[in-house]
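Residue numbers (the working numbering), protein chains in the order written: chain A, 5 to 227; chain B, 3 to 223.
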């Protein structure tokens, strides 16, 4: 089924997904990027558009990875990878960093997820109710704190199971927090009536997208 | 003359008792007081509760070394994944774990240092983290009651220090260190550089010496 409906469509690769998301980040926003695919979003900001990246471990104005010979071991991002500081950067401690997050000072947080529900629930920290080694990090603070929470993830699992659902089956990171989802197939806004389609990849019909989505996809109301 | 400098790691750690709650600075490897952690392993205190963002990596140093020696009864952290020793002990039921969202961990430590016994936070409402905790509504939104995290000892890594215990940090090495320095009854600092009083520009001091009890100089690793 999946292969048939996808035959004429061109799903975005990870680079394409990150580039698509960056199109919607305006100049002047303060943005936190989660570990993993969200981190790659920073690589696609066009030159000249000033977006300030926040790292939970106490950096605003975080720049790209340094060349191997210019690594400063005292400068890492949330994923513990070496980064740089841009002109205008600021350093601060963890309580201030999470005051920025929890206090609603960040314009946007981009996270990965296992599942997003049509009411904005996000599940992204554990796939099991009895996870043997649990870890949560800053995800719960980020999900409730930023003005906007966008999720970037594949539309389905590798096995073809939908990640956009009516109700999350995994333990929640935060209820009712997601504003928008960017997948390899579409961009969907979370609204009062559920997922509303903002964008879809070339060659894919809405009907085909619906078969890969376990919640109703609404078309935007035209005024 | 007030002088918080001590001559050795052993002297810095003297008096850390069995059963102590120990705050350990650092985010990943950055800002971790590795020499003090190795010193604590030598010092021998047992039944420790370790509070740190991560549970470390590898086996040879830091929190994993202490865990491997059987000195740690409980760990309070946000992201223990990545530590083989943690994994082994946790699976064997030999280690108690309190998992705390990172921002809640930071604020519980800050609150302890600031004389605030508890606070309400939106983080964790409607999740497994909220189970068993008081929920209260303010302006139509729900919040969890979280308690301050009092500690006996804080182990801190700073970049520069003076004999009054004023501290500066470097890069992202600041992380939990300044708030942990505030929250413990005994705050012990390893600094890469110890300078004369007056050499630290008051405008750039991050942790004022009032929060610090002991400073030991360590060679840069």
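From the three backbone atoms N, C-alpha and C, an ideal C-beta is built for every residue, glycine too.
Spatial neighbours of residue i in its chain, beta-carbon cut-off 7 angstroms, leaving aside the 5 residues before and after
i	result
residue 121 of chain B	109, 113, 148
residue 210 of chain B	168
residue 182 of chain B	25, 27, 111, 156, 158
residue 62 of chain A	95, 96, 97, 98, 101
residue 5 of chain A	With a pLDDT of only 46 at residue 5 of chain A, under the threshold of 50, the placement of this residue in the model should not be trusted; the figure read from the coordinates follows. Result list for residue 5 of chain A: 215, in chain order.
residue 126 of chain B	103, 106, 132, 146
residue 32 of chain A	54
residue 16 of chain A	24, 188, 205
residue 74 of chain B	50, 52, 68, 97
residue 64 of chain B	34, 36, 39, 58
residue 124 of chain B	143, 145
Chain-order list of residues whose beta-carbon lies under 6 angstroms from that of residue i (same chain, five-residue window excluded)
i	result
residue 100 of chain B	78
residue 216 of chain B	6, 8, 14, 190
residue 79 of chain A	87
residue 151 of chain B	110, 111, 114
residue 200 of chain A	193, 222, 224
residue 85 of chain A	none
residue 57 of chain A	35, 46, 66
In DSSP terms, what residue i is bridged to
i	result
residue 159 of chain B	B/192
residue 67 of chain A	A/88
residue 172 of chain A	None; residue 172 of chain A has no bridge partner.
residue 246 of chain B	Residue 246 of chain B lies beyond the range of chain B shown here (3 to 223); nothing can be said about it.
residue 114 of chain A	A/37, A/154
residue 149 of chain B	B/120
residue 216 of chain B	B/190
residue 81 of chain B	B/56
residue 58 of chain A	A/36, A/64
residue 100 of chain B	B/78
residue 139 of chain B	B/144
residue 203 of chain A	A/191
residue 169 of chain B	B/163, B/209
residue 166 of chain A	A/160
Chain B within 7 angstroms of residue i, Cβ atoms only
i	result
residue 148 of chain A	yes
residue 104 of chain A	no
residue 138 of chain A	yes
residue 63 of chain A	yes
residue 115 of chain A	no
residue 141 of chain A	yes
residue 41 of chain A	no
residue 24 of chain A	no
residue 196 of chain A	no
residue 144 of chain A	yes
residue 30 of chain A	no
Cutoff 7 angstroms: residue i Cβ touching any chain A Cβ
i	result
residue 32 of chain B	yes
residue 108 of chain B	yes
residue 130 of chain B	yes
residue 169 of chain B	no
residue 104 of chain B	yes
residue 125 of chain B	yes
residue 213 of chain B	no
residue 140 of chain B	no
residue 71 of chain B	no
residue 145 of chain B	no
residue 190 of chain B	no
residue 181 of chain B	yes
residue 121 of chain B	no
residue 38 of chain B	no
residue 89 of chain B	yes
residue 82 of chain B	yes
residue 42 of chain B	no
residue 101 of chain B	yes
residue 2 of chain B	With chain B covering 3 to 223 only, the question about residue 2 of chain B has no answer from this structure.
Cβ pair residue i, residue j closer than 7 angstroms
i	j	result
residue 66 of chain A	residue 116 of chain A	no
residue 165 of chain B	residue 7 of chain B	yes
residue 72 of chain B	residue 87 of chain B	no
residue 43 of chain B	residue 61 of chain B	no
residue 186 of chain A	residue 64 of chain A	no
residue 112 of chain A	residue 35 of chain A	yes
residue 196 of chain B	residue 163 of chain B	yes
residue 130 of chain A	residue 166 of chain A	no
residue 98 of chain B	residue 76 of chain B	yes
residue 175 of chain B	residue 33 of chain B	yes
residue 302 of chain A	residue 170 of chain A	With chain A running from 5 to 227 in the structure shown, residue 302 of chain A is simply not present.
residue 164 of chain A	residue 13 of chain A	no
residue 22 of chain A	residue 44 of chain A	yes
beta-carbon residue i near the ligand MN non-hydrogen atom, thresh 6 angstroms
i	result
residue 138 of chain A	Judged by which ligands are present, the structure shown has none, so any question about the ligand MN falls away.
Own chain partners of residue i with C-beta closer than 8 angstroms, once the 5 adjacent residues on each side are dropped
i	result
residue 20 of chain A	188
residue 212 of chain B	167
Query raised in the report: Would you call the segment 30-43 of chain B and the segment 90-101 of chain A touching, i.e. three or more CB-CB distances under 8 angstroms?
Result: Taking one beta carbon from each stretch, the segment 30-43 of chain B and the segment 90-101 of chain A have fewer than 3 pairs nearer than 8 angstroms; the two do not touch.
Query raised in the report: Does the count of Cβ pairs from the segment 185-197 of chain A and the segment 12-26 of chain B closer than 8 angstroms reach three?
Result: no
Query - Any 3 or more C-beta pairs closer than 8 angstroms across the segment 119-129 of chain A and the segment 172-180 of chain A - result: yes
Query raised in the report: Counting pairs of Cβ atoms below 8 angstroms between the segment 138-150 of chain A and the segment 99-110 of chain A, do you hit three or more?
Result: yes
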